[in-house]
Amino acid sequence: MLQEFSFGIPVVLTPAGTAALGNDIALIHLPSRLTFGPSIQPICYPITDDLGTAIAGCDKKICGWGYSKQDIGSRYPESLCMRDPSRADLHIRQEYTLKGTSGGLQSTSVLASKHLPVSLTLKMQATSGFLSLFILLLGSILGTSGRTACPVSDLILPCVCYHHLGRQTIVDCSEAKSSDEIFSAFNDVSWPFTEIWKFQLTHNWEILELPDGVFGDVTFEEIYIYNDSLVSLHPGAILPSKDRLRELKLSRCGMGKIPGGMEEFPWDILPQFNKLTRLYLTINALTTLPAIQSASLEQIQIGDNQIMTLESGSSLPRLSFFSMGWNPISEIPPGFFSDMEGLRDYYCMGCSLGPTLATRTFDFHNGRIRIFQLEDNSISALEVDAITGLQPSTQIYLRENEIEVLAMDSFRPMLDVLSQGAGFIELYGWNPISEIPPGFFSDMEGLRDYYCMGCSLGPTLATRTFDFHNGRIRIFQLEDNSISTLEVDAITGLQPSTQIYLRENEIEVLAMDSFRPMLDVLSQGAGFIELYGNPVECNCTMAWIVQNPDYLASPQGKTQSTLEGASRRSNPLPPLSHFPDSLTLKMQECLIPLSLLFLLSSVRGTSGQDPCPEYDNLAPCYCSYKDGINTVTVDCSRATSSEGIFSYFNNVNWPFTNLTEFRMTPNEAVRELPKGVFGDVTFQKITLIRTSVRRIHPSVLLPSKDRIRTLEMTHGALEEFPWHILRQLTNLSTLWLFRNALTTLPPLKSSSLRTLHIFVNDITNLEAGWSLPNLTALCLDSNPISEVPAGFFSDMGNLGDFRCEYCGLGPTLSTGSLKFRSSAVQFIRLEYNSISTLEPDAITGFQSNTRIFMSYNEIRKLTEESFRPMLEVLSLGNGFIRLYRNPIECGCSMAWVVLNPDFLASIAGSCHTGMDFHDLDPNIFENFCVRRDPPMPGDYSTWINS
Numbered sequence: 012m013l014q015e016f017s018f019g020i021p022v023v024l025t026p027a028g029t030a031a032l033g034n035d036i037a038l039i040h041l042p043s044r045l046t047f048g049p050s051i052q053p054i055c056y057p058i059t060d061d062l063g064t065a066i067a068g069c070d071k072k073i074c075g076w077g078y079s080k081q082d083i084g085s086r087y088p089e090s091l092c093m094r095d096p097s098r099a100d101l102h103i104r105q106e107y108t109l110k111g112t113s114g115g116l117q118s119t120s121v122l123a124s125k126h127l128p129v130s131l132t133l134k135m136q137a138t139s140g141f142l143s144l145f146i147l148l149l150g151s152i153l154g155t156s157g158r159t160a161c162p163v164s165d166l167i168l169p170c171v172c173y174h175h176l177g178r179q180t181i182v183d184c185s186e187a188k189s190s191d192e193i194f195s196a197f198n199d200v201s202w203p204f205t206e207i208w209k210f211q212l213t214h215n216w217e218i219l220e221l222p223d224g225v226f227g228d229v230t231f232e233e234i235y236i237y238n239d240s241l242v243s244l245h246p247g248a249i250l251p252s253k254d255r256l257r258e259l260k261l262s263r264c265g266m267g268k269i270p271g272g273m274e275e276f277p278w279d280i281l282p283q284f285n286k287l288t289r290l291y292l293t294i295n296a297l298t299t300l301p302a303i304q305s306a307s308l309e310q311i312q313i314g315d316n317q318i319m320t321l322e323s324g325s326s327l328p329r330l331s332f333f334s335m336g337w338n339p340i341s342e343i344p345p346g347f348f349s350d351m352e353g354l355r356d357y358y359c360m361g362c363s364l365g366p367t368l369a370t371r372t373f374d375f376h377n378g379r380i381r382i383f384q385l386e387d388n389s390i391s392a393l394e395v396d397a398i399t400g401l402q403p404s405t406q407i408y409l410r411e412n413e414i415e416v417l418a419m420d421s422f423r424p425m426l427d428v429l430s431q432g433a434g435f436i437e438l439y440g441w442n443p444i445s446e447i448p449p450g451f452f453s454d455m456e457g458l459r460d461y462y463c464m465g466c467s468l469g470p471t472l473a474t475r476t477f478d479f480h481n482g483r484i485r486i487f488q489l490e491d492n493s494i495s496t497l498e499v500d501a502i503t504g505l506q507p508s509t510q511i512y513l514r515e516n517e518i519e520v521l522a523m524d525s526f527r528p529m530l531d532v533l534s535q536g537a538g539f540i541e542l543y544g545n546p547v548e549c550n551c552t553m554a555w556i557v558q559n560p561d562y563l564a565s566p567q568g569k570t571q572s573t574l575e576g577a578s579r580r581s582n583p584l585p586p587l588s589h590f591p592d593s594l595t596l597k598m599q600e601c602l603i604p605l606s607l608l609f610l611l612s613s614v615r616g617t618s619g620q621d622p623c624p625e626y627d628n629l630a631p632c633y634c635s636y637k638d639g640i641n642t643v644t645v646d647c648s649r650a651t652s653s654e655g656i657f658s659y660f661n662n663v664n665w666p667f668t669n670l671t672e673f674r675m676t677p678n679e680a681v682r683e684l685p686k687g688v689f690g691d692v693t694f695q696k697i698t699l700i701r702t703s704v705r706r707i708h709p710s711v712l713l714p715s716k717d718r719i720r721t722l723e724m725t726h727g728a729l730e731e732f733p734w735h736i737l738r739q740l741t742n743l744s745t746l747w748l749f750r751n752a753l754t755t756l757p758p759l760k761s762s763s764l765r766t767l768h769i770f771v772n773d774i775t776n777l778e779a780g781w782s783l784p785n786l787t788a789l790c791l792d793s794n795p796i797s798e799v800p801a802g803f804f805s806d807m808g809n810l811g812d813f814r815c816e817y818c819g820l821g822p823t824l825s826t827g828s829l830k831f832r833s834s835a836v837q838f839i840r841l842e843y844n845s846i847s848t849l850e851p852d853a854i855t856g857f858q859s860n861t862r863i864f865m866s867y868n869e870i871r872k873l874t875e876e877s878f879r880p881m882l883e884v885l886s887l888g889n890g891f892i893r894l895y896r897n898p899i900e901c902g903c904s905m906a907w908v909v910l911n912p913d914f915l916a917s918i919a920g921s922c923h924t925g926m927d928f929h930d931l932d933p934n935i936f937e938n939f940c941v942r943r944d945p946p947m948p949g950d951y952s953t954w955i956n957s
């Protein structure tokens, strides 16, 4: 079948398969060889002198095939080079060979100018095979008379129009002072082309609305509005783009002059947008979510609004990702998920679904759910079949709730499904679970990792509490459970490589009959018990451990000691000679130096004195003491002013001043913690959640500088923090300041800090010079950070988890941006950053087992010079790069990955067409892609169509 395409330059040929390369280049893909008719003759046009250096290696002329009334001969160039050293988007290394015959031309590439007086008829005879034709249309570099997608720049000010990476056209109106100025830029100016890629409006505090017809006839594929004062979006503003719009992002709207934020969205027009796949409406002031009708939407994010009510009846058959976290949603209506057949990931963290999840609350009809996130919902109970429709690989996150009992009739049906695959229920993170029922793990043959940190399993773990029948348990995490005693066989069914974490508990004595059976197993492999943060008595009761090198020392081939921990002063254990066989020494001969510790139990037992002051029901705070586990907590959640808290601590006689925790959650009245508010009282932990505190004076923390371990100020209004005193807080290991209003983050210095979470703030800038040698986790998500400075990670030698999702790191990650200096890096999370380009060595210093998440970005090509060094490292272990939801072109430029099984096994993602990388046929790339050697030694090869 003969196909014919005709166009008169500068009209651009746009058959199906066109991939736009910006104003200067258009790349046309045709499915088979091209045959030129006899009237098509080769022509060459000289280029001007000022372009002599712009296109290297072409003998100062641009050559191509076309028809002209002034035929200048039948010269067939053997090759054509197109290279511009000054512009990355024109930097094409391969040469295109053009071949001709007496009766016409058959070619795989044709070059023509869209600014020259050329008319061209292309006749394509369909043939078998898989071959693409590349027609490169050089644009503005060949003349000044051609058309561009942008109007004259002065006419649309204060808006600007430019080409992103030389390919896609963006209109940015962030400097506009009124919506009238934006209206004028689009309606009072003639636009050469009305189909634009992206409109953006960011960090603008003047624009309150986008009115009807604001964009005139101009349409967009993406609209990006972020961190501004917009409170009203008229349906008529975006309806002209209904057949083109693919992504709509309205985030942090109304954050400027108008209090409250954007409260309404034109949900009713969504059915008209037949190509819209991504809708982001996060961090606004929306109050309701009506039934949504859309046949195209694949992702919806509406987190951090004020949505209280959901309506049933939504029809979203293609929706795969639905996030509505941090909204005060108290109920999911029946049948809410009934027409979401494609749903795989659902998030509702920080909602208000507790205390009880009723039967069929989450009824996933499709059986395809992959991630189900209900963290921090104050859930205490699940009715039978509260969560149904799971698959064996479903990951359920219920951490930081109030679940006390794992009721068998509620949890067992879920575990029966999950135990058939790699799925799990994650409950760690401060659920007040006080008891594990007998036989709970009896039918979990595949269980490998179990977490219950911050539960309430103490003070005693009874015999067979944790009886792992499968003998496959790998990680067992019971941190911060107020455990003081383990009965015999409290933990059984271990394997030699099991890692047991019992840190931050109240264990004083390592009883031989409880710990020895575990250590007998662990000492045969790389397993261990970690006991840091326990008040362990390092005296003669530990002789049985110190005398056994297998328990305490690091045997050949083991990465760490079988038993890890510290005494009350973290002093090293005494040498073996301190524990002779006779054990008839006087007690003081084998004791190591112990610090004077505040032993509440002994004080209470001898004097009857309560560590709390006398109770006063009119006081703004109350003090509670838990006997047996020796904790004293002061709760000031009902305080009406900072003066009231000051008086409570400074005008009351405190029997003891070294307390456990200060809490205030929630509280809207107290705006600051002033100087000296706690008087002489010190704490190990300070917790402020959902408060109105805007600043905290350094003197609030400094009295506790040698004791405080955890500081949590989250979901609040914090604007200022005394960063400069961190170095003095010598035991501070956990600092959580997320979901506040912080705007600055200077270089931090601390030798003790291990976890730093400051996500969802307004931090725009990072500086080099940080010194956090023991930091293991750094989370910067949802801050408008545009750049990570060189050397940022140079003194973070133990960093294991780095997160900067929803930052503004795109479009380009520069060389050296993420240069890690830690051998422990396990996770690098960079999703939702609008990253389109990685320069060579943009991410370095990670290990073969590192997992790099870069899904939901704008990466179009897997350039070998950028990604190959990364895959060479990751292919040596179990690490990987995850690249789903990027518009990646899976042409010959990707052959270097597809044809290397080791590389392909270390990368996960899909093409812009939706095809998974692992479904690509290597035979096609082998047969129809040609490898060209690099022009310079040390460069990477280039793959092109044969």
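According to the numbering used here, the sequence shown is numbered sequentially starting from 12.
Backbone N, C-alpha and C define an ideal beta-carbon position, used for all residues, glycine too.
Whole-angstrom distance between residue j and residue i, CA atom to CA atom
| i | j | result |
| --- | --- | --- |
| isoleucine 318 | glutamine 304 | 18 Å |
| lysine 286 | serine 240 | 28 Å |
| leucine 915 | phenylalanine 936 | 13 Å |
| leucine 764 | valine 692 | 22 Å |
| leucine 791 | threonine 288 | 27 Å |
| phenylalanine 383 | proline 912 | 32 Å |
| phenylalanine 7 | glutamate 683 | No information on residue 7 is available, as it lies outside the stretch 12 to 957 that the chain covers here. |
| alanine 779 | glycine 365 | 43 Å |
| threonine 725 | asparagine 338 | 15 Å |
| leucine 297 | glycine 400 | 30 Å |
| serine 201 | proline 162 | 7 Å |
| aspartate 561 | glutamine 535 | 8 Å |
| leucine 584 | leucine 670 | Interpretation of leucine 584 is limited by its pLDDT of 39, a score under 50 that renders its predicted location unreliable; no figure is taken from the coordinates. |
Own chain, CB closer than 7 Å to residue i, minus 5 neighbours either side, in chain order
| i | result |
| --- | --- |
| isoleucine 918 | Leu882, Phe891, Ile892, Leu894, Val908 and Phe928 |
| tyrosine 817 | Asp792, Ser793 and Tyr843 |
| proline 685 | Ser653, Phe657 and His708 |
| lysine 209 | Gln179, Ile181, Phe231, Glu232, Glu233 and Tyr235 |
Beta-carbon gap between residue i and residue j smaller than 8 Å
| i | j | result |
| --- | --- | --- |
| phenylalanine 226 | phenylalanine 197 | yes |
| arginine 514 | asparagine 492 | no |
| methionine 675 | threonine 644 | no |
| serine 525 | alanine 501 | yes |
| tryptophan 278 | proline 301 | yes |
| alanine 187 | proline 222 | no |
| glycine 469 | proline 507 | no |
Neighbour-count burial assignment, residue i, 16 or more Cβ in a 10 Å radius
| i | result |
| --- | --- |
| glutamate 654 | exposed |
| glycine 619 | Low local confidence applies: a pLDDT of 46 at glycine 619 is under 50, so the model's placement there is unreliable, with the coordinate-based value given in what follows. So glycine 619 ends up on the exposed side. |
| histidine 174 | buried |
| alanine 853 | buried |
| isoleucine 486 | exposed |
| aspartate 387 | buried |
| glycine 336 | buried |
| asparagine 751 | buried |
| serine 877 | buried |
| alanine 397 | buried |
Neighbourhood of residue i by C-beta distance below 6 Å, restricted to the same chain and skipping five residues each side
| i | result |
| --- | --- |
| leucine 261 | Ile236 and Leu292 |
| threonine 766 | Thr745 and Ala788 |
| aspartate 183 | Val171 and Gln211 |
Same chain, Cβ closer than 8 Å to residue i, five either side skipped, listed in chain order
| i | result |
| --- | --- |
| isoleucine 846 | Leu820, Gly821, Pro822, Thr823, Leu824, Met865, Asn868, Glu869 and Ile870 |
Whole-number beta carbon distance between residue j and residue i, since they are thought to touch under 8 Å
| i | j | result |
| --- | --- | --- |
| glutamate 446 | asparagine 481 | That belief does not hold up - the Cβ atoms of glutamate 446 and asparagine 481 are roughly 22 Å apart, past 8 Å. |
| phenylalanine 375 | phenylalanine 348 | 6 Å |
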